[in-house]
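Be aware that the sequence shown starts at 922, since it is given in my numbering, and climbs by one per residue. Beta carbons: idealized from backbone N, C-alpha and C, even for Gly. First comes the structure, then the notes that go with it.
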Amino acid sequence: MIVESEDLKQRILDQRHANFEDSVTYNLTSVLDTSNISHLASALAEVIFDQEISNWIAVNQNKIKSVPGHTVTITLSEHSKRKLKVLNKKFWKRIMKLLLHSEPGIFFRNTISKAINQSTFLPAPWVKYSVLRITVKTWAKNELKKLKGNIFIH
922 MIVESEDLKQ RILDQRHANF EDSVTYNLTS VLDTSNISHL ASALAEVIFD
972 QEISNWIAVN QNKIKSVPGH TVTITLSEHS KRKLKVLNKK FWKRIMKLLL
1022 HSEPGIFFRN TISKAINQST FLPAPWVKYS VLRITVKTWA KNELKKLKGN
1072 IFIH
C-alpha cells in the first residue's frame, strides 16, 4: 500500500506544471484512476501540501508567516459531481490535518499552550485544554479559508 501511495504521489507530482510566476497546474485527467477517492484525496493533499502550501506558511523568527501563494489548479478527469464533492471534502480534511501537524501548526499549538499554562484565570485543566483546542482549530480554519482562495479542484 505504501508503494502504491508513493507511486500515486509521484504520478501527481510528474503532472505539476508552472504556467506563470503566479500559477501552477496539475493536469491529472489522464493519469489517475478515480475509483478510490479517499486514497486519491490523501495523496493529492500530501503532494499539494509539500509542494505548495509548505512554502506559503512557515515559522520565521518565532512568528508564523503566511505568504500569499500562487494559484493552483487541479484538473481531474470527468466524473460525477458527487465524486468531485467527496474528493474535495476529503482533500481539505487531509490538508487540515497536515496543517495542524506541520511546523507552523505545532509552533502555534505550543505557543498557545505555554500562554494558557501560565495564565491564572483558567481554573481547571479541562478548561485549559478546551481553550487550546478551540484556539488551534480556529487558527487552522482561518488558514484553510485563505488557502481555498488559491487552490481550485475541478
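Rounded to whole angstroms, what is the Cα-Cα separation between residue i and residue j?
i	j	result
E1076	E1064	Residue numbering for the chain in the displayed model covers 922 to 1075; residue 1076 lies beyond these limits and cannot be assessed.
Y1050	A1061	16 Å
K1018	F1012	10 Å
Q982	E999	45 Å
L1008	L965	10 Å
K1035	F1029	10 Å
V988	H960	29 Å
S1023	K1010	20 Å
I978	L1005	26 Å
V1045	V993	Residue identity check: residue 1045 is Ala in the sequence provided, not Val. Spanning the two alpha carbons is a distance of roughly 44 Å.
Flag this pair as yes or no: are the beta carbons of residue i and residue j separated by less than 8 Å?
i	j	result
I1037	L1053	yes
F941	I995	no
V1048	I1033	no
L929	T955	no
Y947	R932	no
In the DSSP output, which residue or residues are listed as bridge partners for residue i?
i	result
V993	V945, I1072
A939	V945
Taking all protein chains shown into account, do 16 or more other C-beta atoms lie within 10 angstroms of the C-beta of residue i, making it buried, or fewer, making it exposed?
i	result
M922	Low local confidence applies: a pLDDT of 48 at M922 is under 50, so the model's placement there is unreliable, and no value is given.
Contiguous alpha helix (DSSP H) assignments of at least 4 residues, all confined to the stretch 947 to 988:
958 to 969
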